[in-house]
Ligand code: ADP
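In the working numbering, the protein residues as written are 3 to 495.
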């Protein structure tokens, strides 16, 4: 099968969170299983071009529309690791993808609508004919609509589409005129049974468009699939999802076994084995490896060297991740003679202010550190050096950090929700239900007590996580079944 992923992130060259890990890991596994896979994404100025090989022009004269204006685009081909890439570069006066960032611009909706239209135009003009277009989240969710309502009338047979919902919180809500900039008649879509937003009748909802028009929809864990069908977690789209439930699948994400592997991780000063069977010698190497990484990390960050547990928290800092609980846990762990490091990228003015203040307060603390930037190499060292990972999320579609942590011998403390509930149990981690400091502190107490007083049980728990298979192998098979099923189906819209 030939699968084209249309995405806004890809790990190692343009990643802001889990979406980048997913496109990278899933594509590599589909390729390992013998399929032809390609990723098309914007040619961001922030791409790490050192990690790209053989960059060459693939399609030179691609004209696409932004409202009534016509702009010229170049599609580049390249390779990163073993993956084949296509990079779309618009020659647009607003420098759509040369902003020093992947997301976070005031005109994000316009940027990704332009990208979606240009990619559809590219498929139409270039004659490239994948079997499946795999789309990710709202930025590319309009593509099935463009294919069926615009390009089909031009004689283009729509390619089957699979849309993955990574996070229902972000839906791409826009004005009619913004949708019209793609060439679609925006007004015609402002209807309850079409793309009209269920909460604000003046707005168009791009993710809803994808849900209605894609041939199949997937989300990133079985629990999250159930949650998004409810009013509480559906963010207003639960009814559209219920109406399309038969094409909705919950497939648990994996992690790439090479990218996240303490045995060969280039970012670790000390590698260590992570595969069963765990003989005494292997256990010794794991413990020594983690201890050496911990010592290096403490030295590098100026933290005190002592026999106390180290807890890390790595992630985007947004409301979903329960920032208030993260702060309380940070202070609590320090008060209990533990060490805690937060590596996070805060989004929004208020969270930026709060976390920068906290960072300042603790800048000289020998046991706590807050690092507010995106640092991929440091994140690898943190997983490898830490004893525990903190993840008290209010909701979590899948969560990759907890799986990565398990693979690096770092035991997760998580709230029971979405993919965290699907991956963490009392056997491999510590889990609490209610998002209160009371339950959180009690769970931290339990974890600290086990680390301090029951080393044998701690190692058993660690072994449980290290022995689990979180690779993409079975998830890729499930995706292939969804692709195959979509190819058999007659499209409903
Ligand atoms: P989400 O998709 O909500 O961002 P996930 O747990 O699924 O959360 O994935 C987060 C990914 O992003 C992990 O690979 C994590 O290590 C990485 N990550 C998040 N924030 C940072 C950061 N500030 N620096 C380095 N890596 C980060």
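The beta carbon of each residue, even a glycine, is placed where N, CA and C say it ideally should be.
Query                                                                                                                                                                         : Result
Which residues bound the beta strand (DSSP E) around residue 430?                                                                                                             : Counting along the chain, residue 430 falls outside any beta strand (DSSP E), and DSSP gives it neither H nor E.
Bridge partners for residue 93 per DSSP, in chain order?                                                                                                                      : 74
Which residue from 75, 399, 103 and 392 puts its Cα closest to that of residue 17?                                                                                            : 103
Between residue 69 and residue 116, what straight-line distance do the alpha-carbon atoms span, to the nearest angstrom?                                                      : 9 Å
Would the beta-carbon of residue 146 fall within 8 Å of that of residue 163?                                                                                                  : yes
What are the start and end residues of each continuous alpha helix (DSSP H) run of 4 or more residues lying completely inside the stretch 244-293, in chain order?            : none
Who are residue 317's beta bridge partners in DSSP?                                                                                                                           : 346
Going by CA-CA distance only, name the one from 352, 405, 321 and 268 that's closest to residue 468.                                                                          : 405
Could you give the uninterrupted runs of the beta strand (DSSP E) lying entirely in the stretch 379-406, keeping only those of 3 residues or more?                            : 390-393
Assuming residue 506 contacts residue 168 (C-beta within less than 8 Å), just tell me the rounded distance between them.                                                      : Outside the modelled stretch of the chain, which goes from 3 to 495, sits residue 506, for which no answer is possible.
Residues in its own chain within less than 8 Å of residue 431 by CB, not counting five upstream and five downstream?                                                          : 404, 408, 413, 414, 415, 416, 463 and 467
Classify residue 88 as helix, strand or coil using the three-state DSSP reduction.                                                                                            : strand
Given this structure, state the Cα-to-Cα distance separating residue 221 from residue 247, to the nearest angstrom.                                                           : 12 Å
Enumerate in chain order the residues of its own chain whose CB-to-CB distance from residue 140 is below 7 Å, with the five nearest sequence positions on each side excluded. : 172, 173, 174, 208 and 209
Within 10 Å of its beta-carbon, does residue 491 have 16 or more other beta-carbons around it, so buried, or fewer, so exposed?                                               : exposed
Would you say the beta carbon of residue 327 is closer than 7 Å to some non-hydrogen atom of the ligand ADP?                                                                  : no
Any heavy atom of the ligand ADP within a distance shorter than 7 Å of the CB on residue 366?                                                                                 : no
Since residue 90 and residue 75 are thought to touch, with beta carbons under 8 Å apart, how far apart are those beta carbons, to the nearest angstrom?                       : 6 Å
With 16 other CB atoms within 10 Å as the buried threshold, where does residue 232 fall?                                                                                      : exposed
Verify whether the separation of the beta carbon atoms of residue 77 and residue 51 is less than 8 Å.                                                                         : no
Please check the pair residue 383 and residue 372, which I expect to be a contact at CB under 8 Å, by giving their CB distance rounded to whole angstroms.                    : With a Cβ gap of about 16 Å, residue 383 and residue 372 do not count as contacting.
Hey, how far is the Cα of residue 315 from the Cα of residue 241?                                                                                                             : 35 Å
Going by alpha carbons, who is nearest to residue 438 out of 395, 229 and 55?                                                                                                 : 395
Restricting to Cα atoms, I'd like to know which of 260, 350, 237 and 265 is closest to residue 399.                                                                           : 237
With respect to 7 Å, is the separation between the Cβ of residue 21 and the closest non-hydrogen atom of the ligand ADP below this value?                                     : yes
Tell me whether residue 406 counts as near the ligand ADP, meaning its Cβ is closer than 7 Å to at least one heavy atom of that ligand.                                       : yes
Indicate, with yes or no, if the ligand ADP has a heavy atom lying under 7 Å from the CB of residue 318.                                                                      : yes
Is residue 238 close to chain C? Criterion is C-beta to C-beta, closer than 8 Å.                                                                                              : Protein chain content of the structure displayed is limited to a single chain, and chain C is not contained in it.
Can you have a look at residue 82 and say buried or exposed, based on whether 16 or more other CB atoms are within 10 angstroms of its CB?                                    : buried
May I ask you to verify whether the stretch 20-39 touches the stretch 321-328, counting CB pairs closer than 8 Å and requiring at least 3?                                    : no
When you compare each of 13, 264 and 483 to residue 376 by their alpha carbons, which one comes out closest?                                                                  : 13
Look at the alpha carbon of residue 436 and the alpha carbon of residue 283, and state the distance between them as a whole number of angstroms.                              : 40 Å
For residue 308, count neighbouring Cβ atoms within 10 angstroms of its own Cβ and tell me buried if that reaches 16, exposed if not.                                         : exposed
Within 10 Å of its beta-carbon, does residue 113 have 16 or more other beta-carbons around it, so buried, or fewer, so exposed?                                               : buried
On the premise that residue 254 lies in contact with residue 477, defined as a C-beta separation below 8 Å, what is that separation, rounded to the nearest angstrom?         : 6 Å
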